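Below is one structure; the comments refer to it alone.
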């Protein structure tokens, strides 16, 4: 089965956005209660979408759906969305990736509860367990991966590497290791980044997250 049709991916997008796939070419606007409820981080994300090479879904608050749909129908599939939804911020498109077969790289970190005193501050908001890599001699933190558990079907990976540890293949090993755990838990691992972030793109490709031409949409 083509992993574009992976049931976990479909279930994730249906749950996260309110429907998937859309009704045809272009963006299908859907009003979803998810856009007025707190996300994984406790914050509300009022505009969120995913676009494949065949079309996509743009999820907005229910009360904004008609106004946003009118803007999209008029040919504006981005810049006019925030104003139509009556929210601040600029519309953005990034790269949306997922993996069903992470690269078989060796493990590079250990799983630690996010509340452990040794965990860096940036990893704590992810909760649950986080993946950390430390210098075996000094104990210095080198890199880590947190998991954004959007729903029971899709878990987004976020990786940060200390400047001194960059360029050594550590991030790709951690991302592949985290992706394997997500799959073992029955979810699909996703990886998002800006088009301009070449470093993230290289990590994604090396760890088994190909660029399929899909985009993440939002306002920020």
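Numbering (the numbering used here), first residue to last: 1325 to 1544.
Built from N, CA and C at the ideal position, the CB exists for glycine as well.
Since the model is a prediction, treat every value here as computed from it, not as a measurement.
(message) Suppose you measure from the CA of residue 1328 to the CA of residue 1426; what does that come to, to the nearest Å?
(response) For residue 1328 and residue 1426, the distance between alpha carbons rounds to 15 Å.
(request) With a 10 Å radius around its C-beta and 16 neighbouring C-beta atoms as the bar for buried, classify residue 1387 as buried or exposed. (result) Exposed, since its Cβ has fewer than 16 Cβ neighbours within 10 Å.
(request) Alpha carbon to alpha carbon, how far is residue 1463 from residue 1325? Give it in angstroms, no decimals. (result) Because residue 1325 sits at a pLDDT of 41, beneath the cut-off of 50, its placement in the model cannot be relied upon, and the point is left open.
(message) Cutting at 7 Å between CB atoms, please list the residues of its own chain near residue 1546, excluding the five before and the five after it.
(response) It is not possible to answer for residue 1546, since the shown part of the chain is limited to 1325 through 1544.
(message) Run through the DSSP bridge pairs and tell me what residue 1383 is partnered with.
(response) According to DSSP, residue 1383 bridges with 1354, 1372.
(message) I need the straight-line Cα distance from residue 1470 to residue 1542, nearest angstrom please.
(response) Taking the CA atoms as reference points, residue 1470 sits about 21 Å from residue 1542.
(request) Taking all protein chains shown into account, decide if residue 1511 is buried (16 or more other Cβ within 10 angstroms of its Cβ) or exposed. (result) Residue 1511 sits buried, since 16 or more C-beta atoms from the chains shown fall within 10 Å of its C-beta.
(request) Would you mind listing the beta strand (DSSP E) stretches within the segment 1449-1494 that are 3+ residues and don't spill past its ends, in chain order? (result) As far as the segment 1449-1494 is concerned, its whole beta strand (DSSP E) runs of at least 3 residues are 1453-1458, 1465-1473, 1478-1485.
(request) Return yes when the Cβ of residue 1499 is within less than 8 Å of the Cβ of residue 1531, no when it is not. (result) At the C-beta level, residue 1531 and residue 1499 come within 8 Å of one another.
(message) Short of 6 Å in beta carbon distance, which residues of its chain neighbour residue 1433, apart from the five on each side in sequence? Order them along the chain.
(response) Within the same chain, residue 1433 has close Cβ partners 1455, 1456, 1457, 1498.
(request) Give the single residue among 1489, 1357, 1460 whose Cα lies nearest to the Cα of residue 1342. (result) It is 1357 whose Cα lies nearest to the Cα of residue 1342.
(request) List the DSSP bridge partners of residue 1295. (result) Nothing can be reported for residue 1295, as the shown portion of the chain is limited to 1325 through 1544.
(request) Please state whether DSSP places residue 1523 in a helix, a strand or coil. (result) In the three-state reduction of the DSSP assignment, residue 1523 falls in the helix class, which pools H, G and I.
(message) Buried or exposed, going by whether 16 or more other CB atoms sit within 10 Å of the CB of residue 1509?
(response) Exposed is the call here.
(request) Tell me whether residue 1518 sits in a helix, a strand or coil according to DSSP, three-state version. (result) The three-state reading of DSSP puts residue 1518 in strand, counting E and B together.
(message) Mapping the DSSP letters down to three states, classify residue 1406 as helix, strand or coil.
(response) DSSP places residue 1406 in helix when its eight states are reduced to three.
(message) Between which residues of its own chain and residue 1404 is the CB-CB distance below 7 Å, once the five residues before and five after are set aside?
(response) Excluding residues within five positions, the ones whose Cβ falls inside 7 Å are 1395.
(request) Tell me, please, which residues DSSP counts as bridged to residue 1422. (result) Residue 1422 is bridged to 1514.
(message) Since residue 1381 and residue 1430 should fall inside the 8 Å C-beta cutoff, what is the C-beta to C-beta distance between them, to a whole number of angstroms?
(response) Contact between residue 1381 and residue 1430 does not hold, since their C-beta atoms are separated by about 37 Å, which reaches or exceeds 8 Å.
(message) For a test of the three-state rule: what should DSSP assign to residue 1496, helix, strand or coil?
(response) Note: residue 1496 maps to helix in three-state DSSP.
(message) Can you tell me whether residue 1367 is helix, strand or coil according to DSSP?
(response) Residue 1367 falls in the coil class under three-state DSSP.
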